[in-house]
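So for the sequence shown, the working numbering puts the first residue at 245; every next one is plus one.
Ideal placement from N, C-alpha and C gives every residue a C-beta, glycine not left out.
Here's the structure we're looking at; comments come further down.
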Amino acid sequence: ERVDRYINFRWGMGGPFFLWRRDNFSIRWTGFLRVPQAGRYEFVVFADDGFRLFIDSRPIMQDWSIHKVREKRATVSLAEGYHPITIAYYEKAGQAAMDVYWKRPGDNRPVQLGGDALVPGEEYIHDELPVFKGASEQMPDGTSDNADTTAGPDNDAEAP
C-alpha cells in the first residue's frame, strides 16, 4: 500500500513497482476528492489499458478494454465538500499509462488531478467542508446518467 499525490503515470514498458511484473497487473486508488466549490467538473483520463472512475460510489466513466493510450472525458456536477473517489486501472500487456486531469469551474483547461485535491482517507480531513458518503453501485455497460461523456480519439493521445 502506498499514497500517490498525483495519478500521473507513463510507465511505458515498465510497471509501478521495481522488480515486479510489467504486464497483467491492476491498481485501485481510493480516497476523497476535495471539491472547493459547487459546480460542473470535467474529468479527463488518458489510459492504456482499462480504467473506471467512481465519485460518491457512482460510476462517472469507464474504458474497461485493452487499447493504446487514449482519452476519455466526463463532466459531472459536484457539491462543495469531500467526495469519495475510486479509480480502478488494469494493464494487460505492452505499454502502460494512467493520467487523470480535471477542469474546475473557472479553469481554462484541465490540470493534473492531485495535490490538495486528493486526500488519502477521512482521517486526513481537517477543515469544515462537508464529507459525502456514497452507496456502492456497479458500473453499467455504458456511462451513468449523472455524467455527460465524450470519447476521444482511438489513436495515441497527448495530455492537455
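When H311, A323, F276 are compared, the shortest CA-CA separation from E367 is found for F276. A straight line joining the alpha-carbon of L322 with that of E286 spans about 10 angstroms. Excluding five sequence positions before and after N252, the CB atoms of its chain that fall closer than 6 angstroms to its own CB belong to D343, Q356, given in chain order. Distance from the CA of P354 to the CA of S309, rounded to the nearest whole angstrom, comes to 24 angstroms. For P328, the uninterrupted beta strand (DSSP E) run begins and ends at 325-335, by DSSP. Its Cα nearest to that of H327, the residue K377 stands out among G338, K377, Y250. For R302, the enclosing beta strand (DSSP E) starts and ends at 302-307. In the DSSP assignment, E315 forms a beta bridge with F290. Here the C-alpha atom of G338 lies approximately 14 angstroms from the C-alpha atom of S270. DSSP places K347 in the uninterrupted beta strand (DSSP E) bounded by 340-347.
Q306 and R246 have their alpha carbons spaced roughly 24 angstroms apart. Of the residues assessed, E315 falls on the buried side of the cut-off, its CB having 16 or more other CB atoms within 10 angstroms. Its chain contains A332 as the residues whose beta carbon lies nearer than 6 angstroms to that of R272, once the 5 sequence neighbours on both sides are disregarded; these appear in chain order. Collapsing the DSSP output to three states places G275 in a strand. Within a 10 Å sphere around the beta-carbon of E324 sit fewer than 16 other beta-carbons, which makes this residue exposed.
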